[in-house]
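Below: the structure, in structure tokens.
2 protein chains.
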Amino acid sequence: MAWGNNVLVGQSGGPTAVINASLAGVFESAKGLHCKHVYGMQYGIEGLLKGKLVELDSYLDDKMEIELLKRTPSSYLGSCRCKLPQPDVDERPYKTLFGLFAQYDIGAVFYIGGNDSMDTIAKLSGYGAAIGSDVRFIGVPKTIDNDLLGTDHTPGYGSAAKYIATILKEVICDSSVYDIRSVTVAEIMGRHTGWLTGAACLATGPDCAGPDLILLPEHPFDEEVFLAKVAALEKTKHNVIIAASEGVKNKDGVFLCDLVSTAGQLDAFGHKAVLSGTSRYLADLIRVRLGCKTRAIEFSTLQRCASHLASRTDITEAYQVGGAAVEAAAEGQTAKMCAIHRLSSQPYRVATELVDVAQVANCEKAVPAAWLTPDGMQVTAEFEAYARPLIQAELTPIYINGVPRHIHLG
Amino acid sequence: MAWGNNVLVGQSGGPTAVINASLAGVFESAKGLHCKHVYGMQYGIEGLLKGKLVELDSYLDDKMEIELLKRTPSSYLGSCRCKLPQPDVDERPYKTLFGLFAQYDIGAVFYIGGNDSMDTIAKLSGYGAAIGSDVRFIGVPKTIDNDLLGTDHTPGYGSAAKYIATILKEVICDSSVYDIRSVTVAEIMGRHTGWLTGAACLATGPDCAGPDLILLPEHPFDEEVFLAKVAALEKTKHNVIIAASEGVKNKDGVFLCDLVSTAGQLDAFGHKAVLSGTSRYLADLIRVRLGCKTRAIEFSTLQRCASHLASRTDITEAYQVGGAAVEAAAEGQTAKMCAIHRLSSQPYRVATELVDVAQVANCEKAVPAAWLTPDGMQVTAEFEAYARPLIQAELTPIYINGVPRHIHLG
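Chains as they are written, first to last, in our numbering: chain A, 1 to 410; chain B, 1 to 410.
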């Protein structure tokens, strides 16, 4: 394929364990198509607007660097949370960007990210079409939240799900060590959708009973129903395990964590306390109302950056969508996102496909209501059948001196 | 070796990623010496006092089970936090226990644990000697805290250190993703000693600058000196990383986390809030006084149960001290702990040795003052040289269906 000019790639939004695998896919695919230079935006579109871009060819000129890139969490190029204005409101950023595209002879732009990043691709391709530019714009999906429309799932989700399932198994082992009754509440990321929290079901197996309750943002939290359920569980087993989304809301749509911070607490310095606290709220609720020993654990940032426990399926797919995005651009496509289409779950088979990026941008895909049990406190076998293939297999870190080796720009 | 009778083994105190490897070492060594039965105390000495013991031979009769045992976190037999009374104050538990030893024809008792467990071994062997019993009592060291006297280090520490170093590296990658200045405070376990927090230095390498500051309980925290240091760091780098022990105290000996909870906060239910909060305290302090964006991360329970990231060196040594304890008992030793003696650090070589358990019980080993920098906010190269060998190599989990397989009693 004749493709004389250069390409530009950026990463945006929250990092994941495999966003750099998509970058590797874009890079190697572009080099395979004989692009002269692959440029990277530093800190996404925000950095690019300040003229921050880097020629990647000299940084990634060895297969070893590609292998390390696939195993390095967070965004190799840096990221941003930046939304472009509508061009009819403010055209200046577009002029700056298309000026840079011309200056660097950019034939195609790839943006690896979630909803907001697809909005960027939609706006850039719309503006490009309006001014008659022939630069092509393709979105590469990425988010641990798995809330993107138009794709069976998003790269990043599988690794976060594998991390959540694995450490929940370990926490469950830990919770049963003493001969006492206890309730453990594990708080899992996902403010608006329950894909990550639902992945707690993957802890379940012949050696692990898994979480007793799974609370998703999709189902309104009812305190009394919940307490009755916990009380009933407490009667039948020593250690009750609850996986709760940070985004669980009551029937008035108020986040449980906001119920904590609206209690008017001050931090040690007299300022209003900012307590991230769905798990703490639930643990306190159970302790106060049911009088049992409780423990709250936040799974925290590690959910998005635990590359030491990445899913090989996820890494492979992240790499593939990056590569397929480049091929699509080379074939003349633009204003598309390179999605994953599931052909079958057993055996698990997928293919990449292009979807209209405008249909993806700014939308949010929730867990289907049918994948929750009627009481809204567990996920069904359909959820597990959907998620289980995404956490299969591992990509062993390259351990040097006892810790995984990463790669950094510069 | 002729050893006609049975042995009994228990696990005590907080779980670790490798305490079950010591159990495997005891079990396999005892079977190798043709012990008829290996009994396990369920929930330690506390469970044993209630008559809870189990014959392990039928549960661990296959090499596969031993391999899974080595990879299962937490205590396979269950644990307790129980201290025996002095026999002259209350002889009843001793009568119960020695009655059980006679009933089950126990020739030797092995107790895998920390300071308190060595106290149990010391008391049992003392009482046994006083009544002329020939049951032998050997302690097997275990604690992630690494605060046991008489041994170069304790099994459990290396794996916790490897986990801390690895996830700190990942958190550091994550912290630099946006083009903004920030301070990240990672809170690490170890209420009384700084061994675990010091292990944060192991994140440092050619691909990672490591933590800028390391705060141990061994050095009194001075707010103004600390803030001046953070302010100076903030001028030279975008992302400041601080590793802080949960046990950091001010010069009056007050834990920083207690400074948080003494602010008189109430939880959402009107009860006094229990905030574990050294990292939150420090993050708030920096935010309020220096006006920068801060983030607090608790490394939490995973430090003691992340068997998916265990150190192979640690697992091997945990197994070895278990085995050596059995050999020592078979040779007639009692009232001893099976310690690890370091022969050299480069190359790393160790041997097991027996130490008098009475000299270990109830003591606590702090990080030597010489291993902290003069300002008390970093560890020295000596610390790293000590700790680095302990995190070397891995024991890959046996992944089934995407998650590590464990083994449970019963």
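Using N, Cα and C, we set each Cβ at its ideal position, and we do this for glycine too. Bear in mind that the values here come from a model prediction, so they are computed numbers and not experimental data.
*C-beta contact flag for A492 of chain B and I172 of chain B at 7 Å*: Residue 492 of chain B falls outside the range modelled here, since chain B spans only 1 to 410, and no answer is possible.
_Distance cutoff 7 Å, beta carbons only. Does H153 of chain B sit that close to anything in chain A?_
no
*Taking Cβ-Cβ distances shorter than 8 Å, what residues in chain A pair up with G247 of chain B?*
In chain order: nothing, as chain A lies at least about 17 Å away.
_Interface partners of D145 of chain A on chain B, CB under 9 Å_ = The premise fails here: D145 of chain A is roughly 16 Å from chain B at the closest Cβ pair, so nothing lies under 9 Å.
*By Cβ distance, which residues of its chain are closer than 7 Å to A263 of chain B, with the 5 residues on each side in sequence left out?*
The predicted model places A263 of chain B with a pLDDT of 45, which falls under 50 and marks its position as unreliable, so this point remains unresolved.
*Buried versus exposed, by CB contacts within 10 Å (16 or more), A2 of chain A*: Only weak support is given to the placement of A2 of chain A: the predicted model assigns it a pLDDT of 44, under 50, and the question is left unresolved by the model.
*So which residues on chain A does H341 of chain B lean against when the C-beta distance must stay under 7 Å?*
Simply none; closest approach about 21 Å.
*Return yes when the Cβ of P211 of chain B is within less than 7 Å of the Cβ of V248 of chain B, no when it is not.*
no
*Within the same chain, show all residues whose beta-carbon is closer than 7 Å to that of A351 of chain B, passing over the 5 residues directly before and after it, in chain order.*
Annotation for A351 of chain B: H341 and L343 place their beta carbon closer than 7 Å to its own, counting only its chain and skipping 5 residues before and after.
*Bridge-paired residues (DSSP) for F356 of chain B*: This sequence places Asp at residue 356 of chain B; Phe is not what is there. Looking at the DSSP output, D356 of chain B shares a beta bridge with B:K336.
*Anything in chain B within Cβ reach of V38 of chain A, meaning under 9 Å, just list it in chain order.*
Simply none; closest approach about 20 Å.
*In chain order, which continuous runs of the beta strand (DSSP E) of length 3 or greater are located wholly inside the stretch 111-171 of chain A?*
136-141
_If you measure between the beta carbons of L196 of chain A and I167 of chain B, is that distance less than 7 Å?_
no
*Are any of the Cβ atoms in chain A nearer than 7 Å to that of G402 of chain B?*
yes
*Can you tell me whether DSSP reads N429 of chain A as helix, strand or coil?*
Only positions 1 to 410 of chain A appear in this structure, which leaves residue 429 of chain A out of reach.
*Would you tell me roughly how many angstroms separate the C-alpha atoms of A385 of chain A and G156 of chain A, rounded to the nearest one?*
Roughly 18 Å separates the two Cα atoms.
*asked:* By the three-class DSSP mapping on this structure, what secondary structure does A263 of chain B have?
replied: Residue placement at A263 of chain B is poorly supported in this model, since its pLDDT is 45, which falls under 50; the coordinates still yield a value, given next. Coil, per DSSP.
*asked:* Strictly under 7 Å for the Cβ-Cβ distance: is Y163 of chain A near chain B by that measure?
replied: Among the CB atoms of chain B, none fall inside 7 Å of the CB of Y163 of chain A.
*Residue range of the unbroken alpha helix (DSSP H) whose run includes V326 of chain B*: R312 to A330
*Close beta carbons around D57 of chain A, own chain, < 8 Å, minus the five adjacent residues each side*: K31, H37 and V38
*Does DSSP put L49 of chain A in a helix, in a strand, or in coil?*
helix
*asked:* Can you confirm whether the stretch 119-134 of chain B touches the stretch 144-151 of chain B when touching is taken to mean that 3 or more C-beta pairs between the two stretches lie within less than 8 Å?
replied: no
*Which residues, taken in chain order from the stretch 72-100 of chain B, show a beta carbon closer than 8 Å to some beta carbon of chain A?*
T72, P73, S74, S75, G78, S79, C80 and R81
*Starting from the Cα of S75 of chain A, find the closest Cα among A:A361, A:I297, A:A243 and A:C305 and give me that residue.*
A:C305
_Residues sharing a beta bridge with C208 of chain B, DSSP_ = B:G205
*Measure the CB-CB distance between G402 of chain B and Q392 of chain A and report whether it falls below 7 Å.*
For G402 of chain B and Q392 of chain A, yes; Cβs fall inside 7 Å.
*If you run the structure through DSSP and keep just helix, strand and coil, what is Q412 of chain A?*
Here chain A covers residues 1 to 410 and nothing more, so residue 412 of chain A does not appear.
*Measure the Cβ-Cβ separation of A387 of chain A and L215 of chain A and say whether it is below 7 Å.*
no
_Identified DSSP bridge partners for H341 of chain B_ = B:A351
*Chain-order list of residues whose beta-carbon lies under 7 Å from that of L390 of chain A (same chain, five-residue window excluded)*: So the qualifying residues of the chain are H153, Y157, G158, A161, S311, T313 and D314.
*Who are the near neighbours of P73 of chain B in its chain, counting only those whose CB is closer than 6 Å to its CB and skipping five residues on each side?*
A17, C305 and S307
*Is the CB of M1 of chain A under 7 Å away from at least one CB in chain B?*
For M1 of chain A, the pLDDT reaches just 43, beneath the cut-off of 50, and the residue's location in the model is therefore unreliable, although a value from the coordinates is still provided. False, the Cβ-Cβ gap to chain B never drops below 7 Å.
*asked:* Please return the same chain residues whose Cβ sits closer than 6 Å to the Cβ of Y399 of chain B, not counting the five positions on each side in sequence.
replied: none
*Roughly how many whole angstroms lie between the Cα atoms of L395 of chain A and A21 of chain A?*
12 Å
*Could you spell out the range, first to last residue, of the beta strand (DSSP E) harbouring S279 of chain B?*
S279 of chain B -> not in any beta strand (DSSP E); alpha helix (DSSP H) instead, spanning T278 to L290.
*Quick one: what does DSSP say V89 of chain A is sitting in, helix, strand or coil?*
coil
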